[in-house]
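This report refers to the structure that appears directly beneath it.
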Amino acid sequence: MTTLSTGTALSFEGTSLVAPDCSYGGKISAIRATDEHTVTFEMCAADPAFEAKSAFIVFGIQPSEHIAAAGPTKELLTNPIGTGPFKLDAWNRGDSIILKRNDTYWGTKPNYETLVFRWSTSGASQLNELRSGTVDQISTVSPDDFDAVKNDPDLQFLPQMGPNTLYLGMTNTFEPFNNVKVRQAIAMGIDRQRIVDNYYPDGSELATHFTPCTIPNGCSGEDWYGFDPVAAKALLAEAGFPDGFKTKIYYRDVFRTYLPEPSTIAVEFQSQLKANLGIDAEVAPMESGEFIGQATSGKLDGFYLLGWGADYPHITNFLDYHFGKDTQQFGASLPEIYEALAKGSSIADVEEAKPVYEAANNAIRELVPMVPIAHAAAGSAARAYVKNAGYRPFGAKQFNLADPGKDTMVVMQNAEPISLYCGDESDGESTLVCTQITETLLDYAQDSGDIVGALATSCDPSADATAWTCHLREGVKFTDGSDFDANDVVASYAAGLDASNPTHVGNTGAFDYFASLWGIMNAPAAK
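In this text, residue positions in the sequence shown follow our numbering: the first is 141, and each later residue adds one.
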């Protein structure tokens, strides 16, 4: 059984997380606080994406004592304690989140005191507030308003360059989606180009693969099915549904980069499914948190609209999260896909990994767990006076680097965060706020996907990349006044990785990123 054990090194009593062995199927065999400012990750196999993963905000670090006290009670969801440039002041449910400057921050301190997050699901509403000056920056601009923002001298248009994908999901544990011929018919029966042409801004692309082609090996393998309603209808009949069937299309009414007008695009899918395949699909909007929880746990009996924006610049971020062995989102995981992904994730050389990802992408195409639709061009906006308002390609915006020229900056995003414990969240609204409060071992550069130091000045691999030694930054304090050390790293990862740990509670308890990118130790046997 994996436990947090202690051992003494000099005057520092370090902790460790150790898996009994690697048969649990995960990436990590042990994490050890070898001294106060050194943490060693021992891997079950080489993991070339280690640095990119460890820079992702869901693996943010909080004090070990706070995790021990607040993890089992779910207080972590509303009371994060981090080392970041801001600290939580108030969460006014349904209205706003107020952050205050962390005056003891080790890095670049904000030159203003208060950061306020508000939210609106409407792109038009966000833009109206920006024009009126009640907010300083917004998360999303509707494609129809791009030119208006660019031509407004009081505003600045902010292109968002991160790779993303919209997809139409299905859950293969529900009928008729347990029939691969049904899924293949749907793949051929949707005019995806029509959706891109009519609902997405210039620069958007039809998805030939689930992963955008800007990610190495993302587009290895065959392109997706072309639109062929005749063949699709024939295949659906062959599957036993010559007259279609009744179902639902679930979505959350939240404006996203990859889904700019959720209700409008949902109706477009509804119309196409009826006209091309005879499928009657009721449009069913859901509350954001409920939708994400139901979708990621594979509990939606019907179609659903969801998407993905790159968290880090590696194909594992797109494929392993969605199609890995432990992923529940599309129902039963498919070995034809996840076995190739497990092999590819340990190969550092892009060309050497190419045939593996060709096989994985071809299996995704053949088995159709979902239908990839579009890679969207996107933009946001800010008042003209806000300096350094732009976004980096990977990772959420760091607002300590922005300058509103006044004491308070107000940002409007697309929805209220689900929680502020991002170890067990996957929505962008939660991770944007978490990024201001908590920090990770490494980080992404402002102008690229390069990895830079954060709470660790570096993480260095062993010769065979089966161990990573992270050298922690000294003199860093949490906002509760406690000192940051190696035990905080072990405790933060243990809360997500070890199902037997009393702090492994979270919000839904799924810990999707920990499960898909590292693997869960001591997971209870499936019933």
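Just so it is clear, CB atoms sit at the ideal spot from N, CA and C, and this is done for glycine as well.
Asked                                                                                                        : Found
Alpha-carbon spacing of H454 relative to K483, whole angstroms                                               : 15 Å
Whether I389 touches F443 by CB criterion (8 Å)                                                              : yes
Close beta carbons around P369, own chain, < 7 Å, minus the five adjacent residues each side                 : G329, N416
DSSP three-state assignment for S360, whether helix, strand or coil                                          : coil
CA-to-CA distance, Q410 to E422, given in whole angstroms                                                    : 7 Å
Per-residue burial, T244 [other beta carbons within 10 Å of its own, 16 or more giving buried]               : exposed
Buried/exposed call for R334, threshold 16 Cβ in 10 Å                                                        : exposed
Of the residues A209, S566, A542, A536, the one placed nearest A529, counting alpha carbons only             : A542
Through-space distance from A173 to V158, alpha-carbon basis                                                 : 11 Å
Enclosing beta strand (DSSP E) for R392 [first to last residue]                                              : 386-392
Same chain only: Cβ atoms within 6 Å of I660, ignoring 5 sequence neighbours per side                        : A639
Limits of the beta strand (DSSP E) - the one that Y365 falls within                                          : Run containing Y365: none; DSSP gives neither H nor E here.
Cβ-based neighbour list, G165, same chain, cut-off 7 Å, excluding 5 preceding and 5 following                : K465, G659
Three-way DSSP call (helix, strand, coil) for V336 in this model                                             : helix
Member of D441, F458, T456 whose CA lies at the smallest distance from the CA of G471                        : D441
At least 3 beta-carbon pairs within less than 8 Å: the segment 335-342 vs the segment 543-554                : no
Residues near G384 by beta carbon distance below 6 Å, same chain, minus five either side                     : L417, G418, I419
Check: I207 C-beta below 7 Å from any heavy atom of the ligand GDP                                           : No copy of the ligand GDP appears in this structure; indeed no ligand is present at all.
Close beta carbons around L295, own chain, < 8 Å, minus the five adjacent residues each side                 : L270, R271, V289, A521, A522, R523, A524
P283 classed as buried or exposed, judged by whether at least 16 other C-beta atoms fall within 10 angstroms : buried
Whole runs of the beta strand (DSSP E) within the segment 181-233, excluding any shorter than 3 residues     : 226-232
Nearest candidate by alpha-carbon position, reference N318, set S473, W364, A626                             : S473
Residues near A518 in its chain [Cβ-Cβ closer than 6 Å; skip 5 each side]                                    : Q300, T397
Rounded distance between the beta-carbons of T578 and P220, thought under 8 Å                                : 6 Å
Closest Cα partner of K414 within the set T648, T597, P382, I432                                             : P382
Given 8 Å, three or more beta-carbon pairs between the segment 260-268 and the segment 557-567               : no
Cutoff 6 Å; reference T143; Cβ partners in own chain excluding five residues on either side                  : Any reading at T143 needs caution, since the residue's pLDDT is 42, under 50, leaving its predicted position unreliable; the model's value is listed next. Taken in chain order, the list of residues that qualify is empty.
Exposure label - N540; buried when at least 16 CB within 10 Å                                                : buried
Sequence-distant residues of its chain with Cβ nearer than 8 Å to T178 (five each side left out)             : T609, C610, H611, L612, A626
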